[in-house]
Amino acid sequence: MVAAALIAVGGAAPVASAQLPVALPAEVQQVVDQAQAGSAQAEEQVRTSVGGSLAAAGITPPPGLAPSQARSPQPAPPPPPPPDPTPQSPCPRTAAACVDLDGNRTWLQSGERLSYGPVRMSHGMAGWETPRGTYQVTRKVRHEVSRLFDNAPMPYAVYFVGGIAFHEGDPTVESHGCIRLDQPAAATFFDRLEVGDTVVVF
């Protein structure tokens, strides 16, 4: 009976029952009988039970009776890195703030990547042009006023060259050299920029 099951399940050559060193348990014999009836589920049980019994007795099971090996789930591949949103410009990645005069936009960088913006801004009008170049933040004044222009308010002032600073103002109106930002942007620049940080105006 076992020899017939071996042929039906594994397609291997008949194995004489005398070669089995141990008697098959009753439940294994029942499984063999079910396999002869054509049960696909029973065939798998035959492989597991008979093959396991042979392996326990020190006999390598024939290929058709070797217990099925469950495949270990493969780890999912890591997701691709997100695209770098930093604008293409002459501003080096090491700068903390970039000012694009021609594009009327400015942004902040951290770890050589974009960290805030770009946001709209205005700069110096004709005769009061904002100078291009590389500078460092020199000081910050939360409630600043312009003594040169009738104590005009300059909230969130972040100075980076002479009397020129980022500060809150109308970003649609040209300035006397400063970089005007709306309130949320001015507050963000004030909070994130520190004295000594590099500002590049191009």
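First residue of the sequence shown: 1442, per our numbering; consecutive thereafter.
Note that the Cβ used here is the ideal one computed from N, Cα and C, for glycine as well.
Length of the line joining the Cα atoms of residue i and residue j
i	j	result
TYR1590	VAL1578	Checking the displayed sequence, the identity of residue 1590 turns out to be Phe instead of Tyr. Approximately 22 Å between the Cα atoms of the pair.
PRO1516	GLY1552	30 Å
PRO1528	ALA1537	14 Å
VAL1540	PRO1524	22 Å
SER1513	LYS1581	59 Å
ASP1623	GLU1609	6 Å
PRO1612	ASP1543	14 Å
GLU1635	LEU1549	12 Å
PRO1522	CYS1532	23 Å
ILE1605	THR1571	8 Å
CB contact flag (residue i, residue j, <7 Å)
i	j	result
VAL1599	PHE1643	no
ARG1621	SER1563	yes
PRO1596	VAL1586	no
GLY1618	GLY1565	yes
PHE1607	TYR1576	no
ALA1628	VAL1560	no
LEU1555	PRO1526	yes
Residue span of the alpha helix (DSSP H) that contains residue i, given as start and end
i	result
ASP1632	1624-1633
Where the beta strand (DSSP E) containing residue i begins and where it ends
i	result
VAL1640	1639-1642
HIS1584	1580-1587
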